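Engineer:
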Amino acid sequence: TKDPLVIFTPSGKRGRFPVGTPVLTAARQLGVDLDSVCGGRGICSKCQVTPSYGEFPKHGVHVEADALSDWNSVEERYDQKRGLPKGRRLGCQALIQRDVVIDVPAESQVHKQVVRKRAEVRDIVLNPAVKLFYVEVTEPDMHDPSGDLERLEIALKKEWGINGLQVDIHLLPELQGTLRKGNWAVTAAIHQVGDSAPHLLRLWPGLYEGSIFGIATDLGSTTIASHLCDLQTGEVIASSGTMNPQIRYGEDLMSRVSYAMMNEGGAQEMTHAVREGMNSLFDELAQEAGIDKAAILDSVFVMNPVMHHLFLGIDPYELGQAPFALATSSALALRTSDLGLNLHPSTRAYILPCIAGHVGADAAAVTLSEAPDKSEDLVLVVDVGTNAEIQLGNRDRLLACSSPTGPAFEGAQISAGQRAAPGAIERVEIDPETKEPRFRVIGSDLWSDEDGFEAAIATTGITGICGSGIIEAIAEMRMAGIVDASGLIGSAEQVGSTRCIPDGRTQAYILWEGRDDSPQITVTNPDIRAIQMAKAALYAGARLLMDKLDTDQVDRVVLAGAFGAHISPKHAMVLGMIPDCPLEKVTSAGNAAGTGARIALLNTTTRAEIEATVKRIEKVETAIEPRFQEHFVNASALPNAAEPFTLLRE
Ligand code: FES
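Right, here's the structure in full:
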């Protein structure tokens, strides 16, 4: 008679195994993804499976209820102590008796899928750099003297195939105590990426049943945003952001570069400030999640080139002038202690590669998240911050450039502009007939003409207008005929609205009349000018890349960044910020750079992938392209002079 047939779902992998083979052994031999931390000792319960019965698609294998042998004492003990969910068996203990179909539930897979919110982008496959391994180590023997570390190495090699273990010196003083405390059983946290040497990061006595964590950080010039993730489940367990403390040295990147140039020790000061800010953010995250900070063992960072240099303690001087040479553009694998961060001394840090002197590791993270390099369609990805980082391409070719939009899109250089914070006008509509506006402010769900609006904004007030608000206001003003194509606001007579008032030699439009406690908010002609410059720079950058690919049309547009998450595609298009494209093909990716950082944290395979992709991205330098100037001039009109514009005509 033949050996029993074993079929694993959902993989469909199958094979015949002698009666009495443990399920875990069968899974390993077939390459089925079944987790195990304790190496089959029946103590970690990571190997849980569900023997399932009935028809297996296509082959109709006959299976019986007792196809796996009865509970053995190890499983029983586990069940009594900790409780196994109904129908679950420990894969390392259950032995094959007859033909069987065995389901490996998602949580028992090593390479679990971490589901992301948006369906159109790929899920994250869990393959973290740090994993836990439980081993039993031989006790020392006078007749065969060897070190405790050497016996630990032998155990890890024998049970887990870990070769050439590297150990940080700071772990040695605690090694002997931990081994004895665990009665010669320990759990090791080991860091390994690809074929690199495995590093021991931490050691716990016995079976460590806690979790290990990683932090993914998007270091922006304005805010630092971090996600704390469980490295064993891929879950985000806490997210938090803080203002980049470097703001006190200058709002935008160039003012920080000049601060470093003008002040002796200025770069170091800023390095110190950002590291301190990050340290308190990490403390806050650990506290919020209620975890031990020392269990954070891996981290990933993405940022623009100036932030990159300042974080690493490199003077950004060269980035302030042509040819914008980076000290290094490669991905960096470091320890967080190299970066002045107060995490466990073994904690690792990975910094994504930079694409070019103006297109940083944050753009590489956006590439990882939005995967234009895997797209069949020609996709334009725009990450708008103080600079716009623009990528255009598909699976055949990918181009990237940065365009100097300046901070107008973030509410700077705007008369009533402010950062996106409670009290800021963020949405605007203007009636094309009456020219009367209605708006919403951050912190309230009500429109200004709805009942209860005044009460809803009682605490925040109306303090100004943020980036998305100014875009919408100007686009709505254009559609209502308050502003002409050149960007000039009409007079009260021309427009037919008393909301248009003289403002120096030009006109302004009153968005909010103001109250005793909140000032009047107007959109002025210089405001429109600032947005025109910014959007022309953005458009010209995109157009330049389109020229390089010899195309007039993109299939899709992805707006990334916090700004992209708030701006309405319709208004962006009315202003001519982005090339003409069907509205339903314009999507917002949210904080794609942060998502990219999280992908690199949870799946180390993607680190090698993005390093290779960045090498093949074609970098375009807008500053030396004569066509950029040409496009810029054409693009300053609303929407712009060169392109037909469908939305406005409708
Ligand atoms: Fe740890 Fe089965 S592998 S309990």
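Heads up: the sequence shown runs through residues 2 to 651, numbered per full-length UniProt numbering.
All residues carry an ideal CB built from backbone N, CA and C; glycine is no exception.
Values in this document were obtained by computation on a predicted structure and should not be read as measured data.
Per DSSP, which one or two residues make a beta bridge with Leu-560?
Structural biologist: Leu-560 is bridged to Val-383 and Ser-589.
Engineer: Less than 6 angstroms between C-beta atoms, sequence neighbours within five positions excluded: which residues of the same chain meet that for Arg-152?
Structural biologist: So the qualifying residues of the chain are Val-138 and Thr-139.
Engineer: State yes or no: is the C-beta of Gln-414 within less than 8 angstroms of the C-beta of Pro-408?
Structural biologist: A contact, by the Cβ cut-off of 8 angstroms.
Engineer: Using the Cα positions of Leu-648 and Pro-570, report the straight-line distance between them to the nearest angstrom.
Structural biologist: Unreliable placement is indicated for Leu-648, whose pLDDT of 47 sits below 50; no coordinate value is reported for it.
Engineer: Would Asn-245 and Val-275 be called neighbours here (beta carbons separated by less than 8 angstroms)?
Structural biologist: Their beta carbons are under 8 angstroms apart, which means Asn-245 touches Val-275 by this criterion.
Engineer: Identify the continuous beta strand (DSSP E) that holds Asp-219 and give its terminal residues.
Structural biologist: Residues 214 to 220.
Engineer: According to DSSP, is Ile-463 part of a helix, a strand, or is it coil?
Structural biologist: Of the three classes helix, strand and coil, the one that applies to Ile-463 here is coil, per DSSP.
Engineer: Could you name each continuous beta strand (DSSP E) segment of 3 residues or more that falls completely within the segment 278 to 346, going from the start of the chain to the end?
Structural biologist: Within the segment 278 to 346, the complete beta strand (DSSP E) runs of at least 3 residues are 297 to 304 and 333 to 336.
Engineer: The ligand FES heavy atoms versus the CB of Arg-42: any closer than 7 angstroms?
Structural biologist: Checking every heavy atom of the ligand FES against the Cβ of Arg-42, one is found closer than 7 angstroms.
Engineer: If you draw a straight line from the alpha carbon of Ala-372 to that of Ser-403, how long is it in whole angstroms?
Structural biologist: When rounded, the distance between both Cα atoms is 18 angstroms.
Engineer: Assign Gln-533 to one of two classes, buried (16 or more other C-beta atoms within 10 Å of its C-beta) or exposed (fewer than that).
Structural biologist: By the 10 Å Cβ count, Gln-533 comes out buried.
Engineer: For Ala-474, which of Asp-446, Val-496, Phe-134 and Glu-437 has the nearest alpha-carbon?
Structural biologist: Out of Asp-446, Val-496, Phe-134 and Glu-437, Glu-437 has the C-alpha closest to the C-alpha of Ala-474.
Engineer: Give me the DSSP bridge partner(s) of Gly-16.
Structural biologist: DSSP output for Gly-16 lists Val-7 as bridge partner(s).
Engineer: Taking just the CA atoms, how far does Val-258 sit from Glu-265?
Structural biologist: Rounded to whole angstroms, Glu-265 to Val-258 spans 12 angstroms at the Cα level.
Engineer: With distances taken from CA atoms, which of Lys-14, Ala-268, Thr-26 and Ile-248 is nearest Asp-104?
Structural biologist: The candidate whose alpha carbon is nearest that of Asp-104 is Lys-14.
Engineer: For Val-524, which residues does DSSP report across the bridge?
Structural biologist: Beta-bridge pairing links Val-524 to Tyr-510.
Engineer: Just verifying my parser: in three-state terms, what is the DSSP assignment at Ser-607?
Structural biologist: Before going further, note that residue 607 is Thr rather than Ser in the sequence given. Here Thr-607 sits in helix by DSSP.
Engineer: Is it buried or exposed for Gln-247, if we count other Cβ within 10 angstroms and need 16 for buried?
Structural biologist: Buried: at least 16 other Cβ atoms inside 10 Å.
Engineer: Reducing DSSP to helix, strand and coil, say where Arg-441 ends up.
Structural biologist: Arg-441 falls in the strand class under three-state DSSP.
Engineer: Should Leu-91 be counted as a contact of the ligand FES given a C-beta to heavy atom distance under 7 angstroms?
Structural biologist: Answer for Leu-91: yes, Cβ within range of the ligand FES.
Engineer: Could you spell out where the alpha helix (DSSP H) holding Thr-26 opens and where it closes?
Structural biologist: Element bounds for Thr-26: 24 to 31.
Engineer: For Thr-179, report the span of its alpha helix (DSSP H) as first-last.
Structural biologist: Thr-179 -> alpha helix (DSSP H) spans 173 to 182.
Engineer: If you run the structure through DSSP and keep just helix, strand and coil, what is Val-634?
Structural biologist: Correct three-state label for Val-634: helix.
Engineer: Is any heavy atom in the ligand FES found nearer than 7 angstroms to the beta carbon of Val-385?
Structural biologist: Every heavy atom of the ligand FES is 7 angstroms or more from the Cβ of Val-385, so no.
Engineer: With C-beta atoms as the reference, is Leu-282 less than 8 angstroms away from Ile-225?
Structural biologist: Going by C-beta atoms, Leu-282 is nearer than 8 angstroms to Ile-225.
Engineer: To the nearest whole angstrom, what separates the beta carbons of Leu-201 and Val-168, a pair I think is in contact under 8 angstroms?
Structural biologist: Contact holds; Cβ gap of about 5 angstroms.
Engineer: Based on Cα-Cα distance, which residue from Arg-336, Ala-486, Leu-69 and Gln-81 lies nearest to Asn-526?
Structural biologist: Looking at the Cα atoms, Ala-486 is the closest of the given residues.
Engineer: Starting from Phe-454, follow the alpha helix (DSSP H) in both directions and report where the run begins and ends.
Structural biologist: 454 to 457 is the span of the alpha helix (DSSP H), which, as asked, contains Phe-454.
Engineer: Assuming the contact rule is C-beta atoms closer than 8 angstroms, Asp-374 and Gly-361 should be a hit. Round their C-beta distance to whole Å, please.
Structural biologist: About 17 angstroms separates the two Cβ atoms, so there is no contact after all.
Engineer: Of all the options Asp-450, Ile-472, Ala-476 and Ser-445, which has the alpha carbon lying nearest to the alpha carbon of Thr-461?
Structural biologist: Nearest of Asp-450, Ile-472, Ala-476 and Ser-445 to Thr-461, Cα basis: Ser-445.
Engineer: On a Cα-Cα basis, can you pick out the residue from Val-111, Cys-93 and Cys-45 that is closest to Lys-82?
Structural biologist: Comparing Cα positions, the closest option is Cys-45.
Engineer: Nearest to Asp-556 by alpha carbon, out of Asn-635, Arg-17, Glu-377 and Pro-324?
Structural biologist: Looking at the Cα atoms, Glu-377 is the closest of the given residues.
Engineer: I need the DSSP call for Arg-257, collapsed to helix, strand or coil.
Structural biologist: Helix at Arg-257.
Engineer: Scan the segment 342 to 419 and note each continuous beta strand (DSSP E) run of 3 residues or more that stays entirely inside, going in chain order.
Structural biologist: Listed in chain order, they are 349 to 352, 380 to 385, 389 to 394 and 399 to 404.
Engineer: So, helix, strand or coil for Leu-157, using DSSP?
Structural biologist: It is helical.
Engineer: Below 6 angstroms CB to CB, which residues in the same chain sit around Leu-335 once its five sequence neighbours on both sides are set aside?
Structural biologist: Excluding sequence neighbours, Leu-335 sits near Ala-350.
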